[in-house]
Structures are given as structure tokens and as C-alpha cells.
Amino acid sequence: MKGKSKNRPEVTEDTLIDISSGWGLIYMLVVLYSVMLVVVLHFLTIVLDFSST
Amino acid sequence: MRILDWAVFGVYFAGVVGFALYQSRKNVGIEGYFLANRRLPWGVIGLSVMATQASAITFIGTTGQAFDDGMEFIQVYLPQPIVMIVLCVLFVPFFYRARIFTAYEYLEKRFDLKTRSATSCIFLIQRGLGAGIVLYAPAVVLSVIMGWDEKVTILIMGAITVAYATVGGITAVIWTDVIQMIVMFLGIGVAIATLFDTLPDSVGLEEVVYLGGVQDMWSSIDWSWDPTNTYTIWSGMIGGFFLALAYFGADQSQVQRYLTAKSLKASRLSLLFNAFLKVPMQFAILSIGVLLFVFYHFERPPLLFNAAEVTLAESSEFKGDFQELSTKQGSVHRLRKDATLALLEARRDGGEVDNLRNQIQLYDTQLSEIRSEASSIVENVRGSSSNDVNYIFPSYLIDYVPAGILGLMIAVIFAAAMSSLDSELTALSSATVIDLYQRHFRPDASEQHLLWVSKLATLFWGSFGCVVALYAGQLGSLLEAVNQVGSFFYGSLLGVFLLAFLVKSANGNGAFWGLLAGMASVFVVAQTTNISWLYYNVVGALTVLLVGTLVSWMSPIGTSEALDGL
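Protein sequences appear in the order of chains W and V. Counting with our numbering, you get residues 1 to 53 for the letters of the first sequence. Counting with our numbering, you get residues 1001 to 1566 for the letters of the second sequence.
#1: Checking 7 Å against the spacing of the C-beta atoms, do residue 1500/V and residue 1110/V come in under that value?
#2: What does residue 1213/V touch in chain W if you count any residue whose Cβ is under 8 Å from its own?
#3: Quick check: is the beta carbon of residue 1279/V nearer than 7 Å to any beta carbon in chain W?
#4: From residue 1104/V to residue 1014/V, what distance separates their C-alpha atoms?
#5: Using beta-carbon positions only, say whether residue 1412/V and residue 1187/V come within less than 7 Å of one another.
#6: In chain W, what lies closer than 7 Å to residue 1216/V by C-beta?
#7: Please confirm if residue 1285/V has its CB atom under 7 Å from at least one CB of chain W.
#8: Taking only beta carbons into account, state which residues of the stretch 1352 to 1363 of chain V come closer than 8 Å to chain W, listed in chain order.
#9: Label residue 11/W either buried or exposed according to how many other C-beta atoms from any shown protein chain fall within 10 Å of its C-beta, with 16 as the threshold for buried.
#10: Using CA coordinates, which residue listed in 1534/V, 1449/V and 1390/V is at the minimum distance from residue 1057/V?
#11: Would DSSP call residue 1445/V helix, strand or coil?
#12: For residue 1218/V, count neighbouring Cβ atoms within 10 angstroms of its own Cβ and tell me buried if that reaches 16, exposed if not.
#13: In this structure, how does DSSP classify residue 1261/V when only helix, strand and coil are distinguished?
#14: Can you check DSSP and say which residues form a bridge with residue 1040/V?
#15: Might you give, ordered along the chain, the residues of its own chain that have their beta carbon closer than 6 Å to the beta carbon of residue 1221/V, omitting 5 neighbours on each side?
#16: Once the 5 residues before and after residue 1264/V are set aside, which same chain residues still bring their CB inside 6 Å of it?
#17: What are the start and end residues of the alpha helix (DSSP H) that includes residue 1004/V?
#18: Since residue 1119/V and residue 1493/V should fall inside the 8 Å C-beta cutoff, what is the C-beta to C-beta distance between them, to a whole number of angstroms?
#19: List, in chain order, every chain W residue whose beta-carbon is nearer than 9 Å to that of residue 1082/V.
#20: If we define contact as Cβ-Cβ less than 7 Å, is residue 1210/V a contact residue for chain W?
#21: Rounded to whole angstroms, what's the CA-CA distance from residue 1352/V to residue 1346/V? Just pull it up for me.
#22: Three Cβ pairs or more, each shorter than 8 Å: is that satisfied between the stretch 1061 to 1081 of chain V and the stretch 1390 to 1402 of chain V?
#23: State buried or exposed for residue 9/W, treating a residue as buried only when at least 16 other CB atoms are found within 10 Å of its CB.
#24: Looking only at its chain, what residues have a beta carbon closer than 7 Å to the beta carbon of residue 1615/V, apart from the 5 residues adjacent to it on each side?
#25: Just to confirm before moving on: does the CB-CB distance between residue 1087/V and residue 1271/V stay below 7 Å?
#26: Nearest-angstrom Cα distance between residue 1303/V and residue 1326/V?
#27: Less than 7 Å between the beta carbons of residue 1535/V and residue 1487/V, yes or no?
#28: Taking a contact to mean a Cβ-Cβ separation below 7 Å, would you say residue 1240/V touches residue 1016/V in this structure?
#29: Short check: CB of residue 1151/V to CB of residue 1470/V, under 7 Å?
#30: Is it buried or exposed, residue 1548/V, if we count other Cβ atoms within 10 angstroms and call 16 or more buried?
#31: Beta-carbon of residue 1368/V versus every beta-carbon of chain W: anything under 7 Å?
#32: If we count Cβ pairs, one from each stretch, closer than 8 Å, do we get three or more for the stretch 1449 to 1466 of chain V versus the stretch 1159 to 1173 of chain V?
#33: Among 1229/V, 1046/V, 1145/V and 1153/V, which one has its Cα closest to the Cα of residue 1132/V?
#34: Taking 7 Å as the CB-CB cut-off, is residue 37/W touching chain V?
#35: Three-state secondary structure (DSSP) at residue 1371/V?
#36: I'd like to confirm something about residue 1220/V: is its beta-carbon nearer than 6 Å to some heavy atom of the ligand ADP, or not?
Right, here's the structure in full:
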């Protein structure tokens, strides 16, 4: 049990560094979220500007 | 404060101290004291990362900034989600695999001792003085607004934070950060709800949004390319990117947080947690400023929000001029209030709004000019610049919020200050003990001895922060200089880490001379141009990368075989 827990993390952690694994999808979601934030704030900047006709 | 306010405030303090002491029992050894034995869950670390970044100035300064200039400050935070990805992909795996205590320890493994010591010392100077500012800024505001003694406020806030950080180490700090962050979330929600509650009955969300829009206060994105314009989408996305990367990747007060994670996966998730929450939280805080702006269309604002400055002006030779401005402000405010109510009525009835809107804009401009003139009087009397922005939100709290809510909001300001200070103290202590004391003086010290020295170091930096805060009022422009010099260092520190991760041929000589060249380049740029300070970090980091690569190429040392895994 002890030997198993000693070896397992190294293999698992190293594979996690690869961005083509499951993390790639999460990072893509974060990028999309980031783009969405800029788009939404740009939209609000235009739509909520009542300073002129 | 009323009894209910004191009760709420007391519950906050008792909760924080009690919880800190409860959590501190889990600390065993030096790894427990500085890294919680690397076993904390990602959600807890994520909240601690947010709490560390949110200082008292975030609440009292940012809301004031939005009151004056609208939502444009949000642009600085927009690159943070992307920064979190870079950290997850590039920084965290290197740090995690190196099994380090401090970010700068990694630099010795990758480069050499002088690079580690130089970066660690830069961090200690910058953050040590920063700890004083973290304490001083809210204390001076609370002393003016609440009438509390500034020194007593500093000492109470400092003593409690130093006590639980010293006794409990990182475990107590991170878990109290969680409570403090929850208090801050609660405070943001309550502040927004209270602001709506104190508006006239006829003014709801739709009217608030409209009135903010009449002055273009919701404008969040500025696409202008002018590099001298402080807040644009470009300064935010480029300068803000490097600033956030430096803060989260090269500053021990943040790196230490994600080193406490029980796995690489947990470290990454704690950062991605921030990627999603930070911008909405900052949007909510800035919205409080815009809500205040709308609120003061219906209630007369003070001529200056800083009551101490009002007293100063009224007891000076310019008393007559100041009172004249006050009378004029009252008249213009009445006109703006009438025009605002008429505008809302006309809008509801489908009537003509253009003239009324133009009138309101004219009155807004006049009120801003009157406030500027009042500030000029204060500057003339005092001989230094007026600071009114940090007092806008606290002034509202004192004058308008009901019993209990004021206690909660003061607790929020304390929570924000304490959650930043406690993280800085454990980071300063870890860099002092691991990078300097153990590395240079006692490499064979026992675990027990190091733990004892670590507690002493935490106590020392806490006391140092309190002393800086107590004398900060007399330091005046020196404090501004410290802040400015801090921005000279940050990008260069980041540059050293980028050099380590991205340039395999880089060596210790390149890193060290690159670091010096980076700081010098920022100094030259700051003195000779007037570009936004947000670009300083870009200049510093890129110079380190360029000079570091060139020097490494000209003076090759060692082989890359020793760098495997780093």
C-alpha cells in the first residue's frame, strides 16, 4: 500500500503537464471565457452608453 | 458605531482568531509551518489566493476610483484568466517538481546562489515595506472616518494578524483567509443591496443603469492605442498580463499558496478557480462605485469626502473660499437632483430627454470642478496632494448604512487588510529562513531550530510592518517612492523566471546581469517617458530575457544535463 502510493503520483503528475491531455479542454474553456468577458464588456460599453443621443 | 455594529465586528474577530488557533494545531515541523505539509485542497487555496490579492485598498480605493472614472479599471484584470493558464502550464509544474519551499529556491537549482539571494532580497525589501502599507492605508481611512486613533487601529489589526500568523503558520493563515474571503463576498453583496435600499423608492436597477450610462460610467473597454493612457484594453491585456504573471508567478506571497496543494492537479485547480471568479468579483466591487455615483445624485455629497481635509481647509486662511465653494456645490447639486428626477420622469412618460441629459452632464462637470478647486485649497494649505478617493465609500457607510451593516463593512475592510498581511508575513518569513538563514548561516540546523527561527522571523516582519505603518504618515512621499520602486522590480523578477523556464541555454550569469539590466531599463523608461506604469513590467521582463540570453551566450558555464527536470 505504501509502495503504491509512493510510485503512483510521479507518473500521474508528469502526464498532467501535457496540455494535450484533459487539461487542454479546461484551458480552452478558460480562453473562451476570457474572450467572452472582453466581448460582454465591450457590448455593455456600447449598449449602456446613454451620454449622447 | 452602535452596539449591533460592535457585536458583528466582535463576532468577526472572535471567529478569525478562534478558527486560526483551531487550525494551527495541525502544524508539525518546518514543512507544516510553511507549506501545511503540502496537503491542502484546491478550493481552500483558491479562496486564499483571492483573499491575499484583495487588500483593504481594493474595497476603499477601487470603489472610489469607479465613483470618479467609471468601470475602466476592470481592464487591468481581464488578462488574469489567461495568466492562470500560463501559470498552470509553465510555472506550477516546474515549482511542483522541484519540491521547493520558496520560488527563489528554484532559481538556485536552475541558476546559482547569487540569483536566488538577489531575487529573494528584492522580494524581502519590497514586501516588507508593502506589509506596512497594507496596514497603514486602511488605518488612516478608518481613523478619519470612524474617529479611531490611527496608531491604535494599526496596532490592533497588526497584533492580531501577527499573533495567529506566528503561532499557526501557513495553515492558520490560509484557513482564516477562507473566512475572510467569505466575509468579503458577503460584504460586497450587502453593500450593493444596501445602496439600492438607500436610493429613492422610484429608482430601481433600470434607473441606476440608465443614470450611470448618462455619464458613461459603465464604459469598461477603451480601444485607444495611446500608450500614455493608463487604462486601455491594450495596457490591460499587455501590461496587466505581465503584472499579474509577476504577482502570481514570481511573488512568494502567492507562490507559497499553491505550493501547499496536495497535488499538481490541486495547485492548478486553485488557480483556475481564480480565473473564473476574479473578474466578476472586481466588476461587482467597481459597480459599488458607480452605484455611489448615482446615489449622490439624490443625496448631497460632502464637498470633500475626507473629513480631515475639510477641517483643515475650514481652519485655514482659505476658509471663506472653501465655504463659498460649499455653498456653490449645494446649489449645483440641487439643480442636478431636480434635473435627474425630471429626466427619469420624462423617460418614463416618453418625453424629451436630450436637454435634461445635457443639463445633468453640465452639472456633473461643474460639481467635479468644484471638488477639484476644494482639493486645490487643501493642497495649498498642506503643501502635498489631496487624497479624497479612498474616503468616498467609507464616508457613505458612516452616513447612510443601518446598524449592523456598518459593523459588517468595517469587518470587511479589516478582513481584506488582514488576509493580505498574514500571507505576506508567512511569505517573508519563509524567504528569510529558507533562502537566507538556512542557506547561508545554518544549513545543518535541526527541524525544531528552524521552526523556532521561522516563528521569530514572522514576528519580526509583523513588527517591522507595524513600525513602517506607524511612521508611514511622516514618510509621505517616501511611501510613494517605495510603491514606484516596487514597480521597477516586479517585471524584472518575472523576467528571471521566464528566462529559467523558456531559455534552456540561460545560466546564472545571464540571469543575474539580466536582472540588473531589467531594473535599470525600467528606471530609464520611467524617467524618460510618460507611458502607463502598467508597461513597466513588460519592459523589465523583456529586458531580462534579452540581456539574460545574450550574457548566457557570451559566458557559457556548466552543462544542461544538470537541469533535467528543472
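We put the CB at the ideal spot given by N, CA and C, even for glycine. Note that this is a predicted model, so its numbers are computed, not measured.
In short, the structure shows the following:
#1: yes
#2: By Cβ distance, chain W contributes 48, 49, 50 and 51.
#3: yes
#4: 36 Å
#5: yes
#6: Chain order gives the chain W residues near residue 1216/V as 49 and 51, where near means a beta carbon separation below 7 Å.
#7: Not flagged as an interface residue toward chain W: residue 1285/V, since no C-beta distance is shorter than 7 Å.
#8: 1354, 1357 and 1361
#9: Note that residue 11/W scores a pLDDT of 42, beneath 50, so its modelled location is shaky; the value from the coordinates is reported in the next line. With fewer than 16 other Cβ atoms within 10 Å, it is exposed.
#10: 1390/V
#11: Of the three classes helix, strand and coil, the one that applies to residue 1445/V here is coil, per DSSP.
#12: In the assembly as shown, residue 1218/V is a buried residue. Its beta-carbon has 16 or more other beta-carbons within 10 Å.
#13: strand
#14: 1261/V
#15: Cβ within range, chain order: 1233.
#16: 1096
#17: Annotation: the continuous alpha helix (DSSP H) that includes residue 1004/V extends over 1003 to 1024.
#18: Sure, about 6 Å apart at Cβ, within 8 Å.
#19: In chain order: 30, 31 and 34.
#20: yes
#21: The alpha-carbon of residue 1352/V is positioned some 6 Å away from that of residue 1346/V.
#22: yes
#23: At residue 9/W, the pLDDT of 44 sits below 50, so the modelled position is not reliable and the matter cannot be decided from this model.
#24: Coverage of chain V is limited to positions 1001 through 1566, which leaves residue 1615/V absent and any answer about it impossible.
#25: yes
#26: 6 Å
#27: no
#28: In this structure, residue 1016/V does not lie closer than 7 Å to residue 1240/V by Cβ.
#29: yes
#30: Residue 1548/V should be labelled buried.
#31: For residue 1368/V, not one C-beta of chain W is nearer than 7 Å to its own C-beta.
#32: yes
#33: 1153/V
#34: yes
#35: helix
#36: Questions concerning the ligand ADP fall outside what the structure shown contains, since it holds no ligand whatsoever.
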